[in-house]
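Structure first, commentary second.
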Amino acid sequence: MAFLLRRAQAALFTIACVMLMLFMLVRSVPGDMASIMLGPRATPELRARIVAEMGLDQNIFVQLWLFLTRVVRGDFGEDIISRRPIIDIVAEVLPNTLILAGTALFLSLVFGILLGLIAAKSRGSWADSLLGLLSVAFVSTPSLVVSIVLLLLFSRALHWFPVAGVGDSGDMLDQLAHLVLPATALALGWIGYIARLVRAALLETLTEHHIRTLRAYGVPEWRIAGIYALRLALVPLVSILGIGLGDLIGSAVFAELIFARPGIGSLIFNSIAVRNYPVVQAAVLIIILIYILANLAVDLINSRLDPRIARAMREGRQA
Amino acid sequence: MTARWFRILRDRNGRLGLLFMGLVLLLALSGLILGADPNRIDIPQRLAAPSFAHWLGTDNLGRDLTARISAGTRSALTLALLIVAASAFLGAVIGTAAGLFGRWLDWVVTAIFDTLSAFPALILAFSLVALYGTGRQTFVILAILIFMPQFGRLARSRAQALRHQSFVEAERLLGVHPLVIVLRHILPNIAGPLIVLAGMNIPVVITFEAGLSFLGLGVQPPASSLGTLIKDGFIYMSESWWPTIGAAGTLAFATLGSTLLAETFRDILDPKSATDAEGRA
């Protein structure tokens, strides 16, 4: 419990720092914020509205207080262009990105663990070296390149999958067909990374005492590797999942743009193009919130999976 | 040291990495040697497939893709080296200072590093680009800001551990100037892991630059970049695949080659870290 509290406290502190930094970033831009945001659209009325809404005419501490209290209530203000609440604009596209990143994470886990397990069990053989090389290639190839290659091969040349969009909103199968290529493109790097991680962790845990004991008791080898050793090998895996989700949501922008999927990445990208900073700020803040909360969840899952971590935390050692 | 370098050749992945990076370097330098102009427009020859005159074909304005990809590769490699070196240096200085002097400096530096690390790299880049705009100089500064914290955190924790080692305490009791201790004992002990981390970051920075430039948020034309080339090719994809394939393939070769080399280098320099780096608690 103390462990949980300490982690939550650290997460809250980071969130506060991130909000402070986003606030200071906006104010550190040289020049007049309202004109920068409006650019050629600037009219006296629009300018006055931005100044009033963002509190630009007030003391900096009042502005900070205004910003923080609004954000805590989930109020990111109104979009200057469409006049809709910004939170609605973000909430509209967020599910698309979460589904994409979630599917990619799922694919990475399934195939990553599978390949890692095969590599560890066939250690030193040609299959192990082949999987090793394949994993490095997966890890190092930018998802941008993978997206383009998949699009060219499977949509343009073979016509197996649709080229663009998220699919009809009522048609699950159509949506799934639209999801396959971008999710694969996004997942490939993490498949390679997880495969290497699982292989290394398995090779290490397979030499531990309690595994040797299991072997002495005559437990079948596939049960040892697939259940007992894998459970321990999952600990380093789970601890990177939080980072994984953040990275996937961040780099989803390439898959989203190349496969023309609406999502939070393409929303940020389009908003940068028209200098709509409040939307960028809101979207970025929401991504980081998800990222930090995912990391918090990961720590909790890990302390359940391996009691040694929670114990280490209690004893004040670094886990 | 030379013996260590030869060990790259003994490792299969190391040989492969050397081969890939050799090819990429050759391509990068070929533009300088052959002297083809990457900006010469030749509309009748637009979107040509590879031929003797244009080894990798031409783009939508008939410009020679070999020359353009060569220039883009040069820019990618230079930028990656510059950004990684600057991030490692600044991170080492700030991290060491925080680790050694402690107190409020350590607190502030750690809070800043933690806050910066709370952003996924691309998202931080987005929020900076949205405010400060694009351009080569802005890009280099924001990339250093994004990649520095990991070096800083590493330097800080190493410096903190070294600070209470008996050989450092002994020097301090002998009245050796703190700067001398830092230069003679702390930095050499931190350098190894920092160099390994720097190597591992080269492919990451190459990918990062290409990605941002693909989005039009990184290096701006007419300066060449693999990312911009991929984007230009992508626009004309329905007419010809060659512009995209050439630039994307080169990018993949460069990241794979530098990853293989950096990992071999890591294993040689610090065999134990091969398992440490996998994030075990």
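Just so you know, the sequences run in chain order A and B. With this note's numbering applied, the first sequence corresponds to residues 1 to 319, in that order. With this note's numbering applied, the second sequence corresponds to residues 320 to 600, in that order. Even for Gly, the Cβ is constructed at its ideal location relative to N, Cα and C.
- A Cβ-Cβ contact shorter than 9 Å links Ile402 of chain B with Ile463 of chain B.
- Using a Cβ-Cβ cut-off of 9 Å, Arg331 of chain B counts as an interface residue toward chain A, since at least one Cβ of chain A sits closer than that to its own.
- With contacts defined by Cβ atoms closer than 9 Å, Leu579 of chain B and Gly336 of chain B form a contacting pair.
- Here Arg212 of chain A is exposed: its Cβ has fewer than 16 other Cβ atoms, across all protein chains shown, within 10 Å.
- Contacts with chain B at 9 Å (Cβ-Cβ) do not include Tyr217 of chain A.
- Beta-carbon to beta-carbon, Arg382 of chain B and Gly350 of chain B are separated by about 12 Å, too far to satisfy the 8 Å threshold.
- DSSP lists B:Thr377 as the beta-bridge partner residues of Asp383 of chain B.
- By DSSP's assignment, Glu92 of chain A forms no beta bridge with any residue.
- Assigned with DSSP and collapsed to three states, Glu488 of chain B falls in helix.
- Residue-level contact by beta carbon holds for Ser140 of chain A and chain B, with a gap shorter than 9 Å.
- Below the 8 Å Cβ cutoff, chain A contributes Pro142, Leu144, Ser251, Phe254 as neighbours of Gly530 of chain B, in chain order.
- By a beta-carbon distance limit of 8 Å, Ser436 of chain B does not contact Val280 of chain A. Their separation comes to about 20 Å.
- Here Ser108 of chain A is buried. Its C-beta has 16 or more other C-beta atoms within 10 Å.
- Taking each of B:Gly452, B:Thr415, B:Ala449, B:Ile465 in turn and checking the Cα distance to Pro439 of chain B, the smallest one comes out for B:Ile465.
- CA-to-CA, the gap between Leu68 of chain A and Ala480 of chain B works out to about 38 Å.
- Contact between the stretch 185-192 of chain A and the stretch 143-158 of chain A is present: three or more C-beta pairs spanning the two stretches fall below 8 Å.
- Between the alpha carbons of Ala127 of chain A and Ile148 of chain A lies a gap of roughly 28 Å.
- Residue environment for Pro363 of chain B: exposed (fewer than 16 other C-beta atoms within 10 angstroms of its C-beta).
- By the neighbour-count definition (other C-beta atoms within 10 Å, threshold 16), Asp88 of chain A is an exposed residue.
- Using a CB distance cut-off of 9 Å, Phe533 of chain B counts as an interface residue toward chain A.
- Under the three-state reduction of DSSP output, Glu53 of chain A falls in the helix class.
- Contacts between Val62 of chain A and chain B, judged by CB atoms closer than 8 Å, are missing: the closest CB pair is about 21 Å apart.
- The shortest C-alpha to C-alpha distance from His178 of chain A to any of A:Gly77, A:Leu232, A:Ala255 is the one to A:Ala255.
- According to DSSP, Pro85 of chain A shares a beta bridge with A:Glu78.
- With a threshold of 9 Å between beta carbons, Ala474 of chain B makes no contact with chain A.
- Look at Ala367 of chain B here: in three-state DSSP terms it is coil, with no helix or strand label.
- Flagged as an interface residue toward chain B: Ile15 of chain A, by a C-beta distance shorter than 9 Å.
- The beta carbon of Met467 of chain B lies closer than 7 Å to those of Ser406, Leu409, Gly410 in the same chain, with the five residues before and after it left out.
- By the neighbour-count definition (other C-beta atoms within 10 Å, threshold 16), Leu345 of chain B is an exposed residue.
- The beta carbons of Ser135 of chain A and Ile191 of chain A sit closer together than 9 Å.
- Any Cβ of chain B closer than 9 Å to the Cβ of Met172 of chain A would place that residue at the interface, and such an atom is absent.
- In the three-state reduction of the DSSP assignment, Val495 of chain B falls in the coil class, being assigned neither a helical nor a strand state.
- Residue nearest to Thr397 of chain B within the set B:Thr415, B:Gly341, B:Glu528 is B:Glu528 (criterion: CA-CA distance).
- Between the alpha carbons of Arg199 of chain A and Phe138 of chain A lies a distance of about 15 Å.
- DSSP, read as helix, strand or coil, puts Gly530 of chain B in helix.
- DSSP places Glu208 of chain A in no alpha helix (DSSP H); its state is neither H nor E.
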